[in-house]
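This report refers to the structure that appears directly beneath it.
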Amino acid sequence: MKVLGICGSPRKGNTEWMLGRVLESAKAEGADVELLLLRNKDIELCKGCMTCEAAGSGNPGVCVIKDDMEPILRDMLAADAFVFGTPVYFYMLSGLLKNFMDRTIPVWPMLKGKRAAGVAVAADTLALAIDNIRTYSDLLQLEWVGEVAAIARDPGEVAKNDEVAAMLTALGRDLAACR
Ligand SMILES: Cc1cc2nc3c(=O)[nH]c(=O)nc-3n(C[C@H](O)[C@H](O)[C@H](O)COP(=O)(O)O)c2cc1C
Numbered sequence: 048m049k050v051l052g053i054c055g056s057p058r059k060g061n062t063e064w065m066l067g068r069v070l071e072s073a074k075a076e077g078a079d080v081e082l083l084l085l086r087n088k089d090i091e092l093c094k095g096c097m098t099c100e101a102a103g104s105g106n107p108g109v110c111v112i113k114d115d116m117e118p119i120l121r122d123m124l125a126a127d128a129f130v131f132g133t134p135v136y137f138y139m140l141s142g143l144l145k146n147f148m149d150r151t152i153p154v155w156p157m158l159k160g161k162r163a164a165g166v167a168v169a170a171d172t173l174a175l176a177i178d179n180i181r182t183y184s185d186l187l188q189l190e191w192v193g194e195v196a197a198i199a200r201d202p203g204e205v206a207k208n209d210e211v212a213a214m215l216t217a218l219g220r221d222l223a224a225c226r
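In the numbering used here, the protein residues as written are 48 to 226.
Written out as structure tokens, the structure reads:
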């Protein structure tokens, strides 16, 4: 069982801490885990050319952009479960995570059936970010395992919330649980 955490925050802050907690818990259950920090990767914007689409006349499954998404898509295909994490930006998911989702278009039908979870953190209003992650997961027909949403503003703040920490541990356990 391989669990891939995907962090959509541009800073080392609350989202990264939350994902770390989930992965730590999944690892304790015997899963292989990896945390992907999107901010450290070269991931261009999707060009919208659609040449990667299976039904298209271009090169199905292959993106025309040669950047860090190439190995990341291979990692996604090899993973059994994903935990997506985002700070809430203007009531939604971050642009970093949204662009990443757009760039999964070459392989998205091949991810069907993998497990997925979401974590989100906002200063005061959680709004749509978890729904955004859930919508993406449902569209891909991933198996939704659960979510944790937290209120925190500054880096390190969420780590002081024991209730959130316990929910993140439980989520990691659920993600790693064998079917
Ligand atoms: C561009 C931007 C937009 C934000 N929009 C919201 C928002 O709509 N609602 C909210 O409660 N917090 C908002 N915040 C605050 C962040 O969600 C909050 O600081 C969060 O803890 C950041 O997570 P991080 O530490 O993982 O980056 C925003 C922050 C930024 C930089």
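In this text, a Cβ means the ideal position worked out from N, Cα and C, and glycines have one as well.
Distance check for residue j and residue i, CA to CA, integer angstroms please.
i    : j    : result
L186 : V130 : 16 Å
D114 : Y183 : 22 Å
A199 : E71  : 21 Å
C110 : L189 : 22 Å
E221 : T133 : Sequence check: residue 221 is Asp here, not Glu. So the two alpha carbons sit approximately 20 Å from each other.
M48  : A75  : 12 Å
M116 : R68  : 25 Å
G105 : M97  : 8 Å
V135 : G77  : 31 Å
P118 : S141 : 22 Å
M123 : S56  : 19 Å
A206 : N87  : 22 Å
P156 : M214 : 30 Å
The beta strand (DSSP E) spanning residue i covers which residue range?
i    : result
D197 : The question names Asp, but residue 197 in the sequence shown is Ala. Looking at the DSSP string, the run of the beta strand (DSSP E) that includes A197 is E190 to I198.
V205 : Looking at the DSSP string, V205 is not in any beta strand (DSSP E), and its letter there is neither H nor E.
Taking the alpha helix (DSSP H) that residue i falls in, what are its first and last residues?
i    : result
A163 : That residue, A163, is in no alpha helix (DSSP H); its beta strand (DSSP E) goes R162 to A169.
E76  : Per DSSP, E76 belongs to no alpha helix (DSSP H) and is neither H nor E.
I53  : First-last for I53: K49 to C54, but that is the beta strand (DSSP E), not the alpha helix (DSSP H).
I180 : A176 to L186
E146 : Position check: residue 146 holds Asn in this sequence, whereas Glu was assumed. Note, N146: alpha helix (DSSP H), G142 to D149.
Give me the Cβ distance between residue i and residue j, rounded to the nearest whole Å; I'm assuming they're in contact under 8 Å.
i    : j    : result
V50  : A128 : 5 Å
A197 : N208 : 6 Å
Q. Taking one C-beta from the stretch 197-217 and one from the stretch 61-81 each time, how about it: are there three or more such pairs within less than 8 Å?
A. Yes, the stretch 197-217 is in contact with the stretch 61-81.
Q: Jot down the residue ranges of each uninterrupted alpha helix (DSSP H) in the stretch 108-133, minimum 4 residues, whole runs only, in chain order.
A: List check, alpha helix (DSSP H) in window: 116-125.
Q. Do three or more CB pairs link the stretch 81-89 to the stretch 139-154 at distances below 8 Å?
A. A contact between stretches requires three or more CB pairs, one per stretch, nearer than 8 Å, and the stretch 81-89 meets this requirement with the stretch 139-154.
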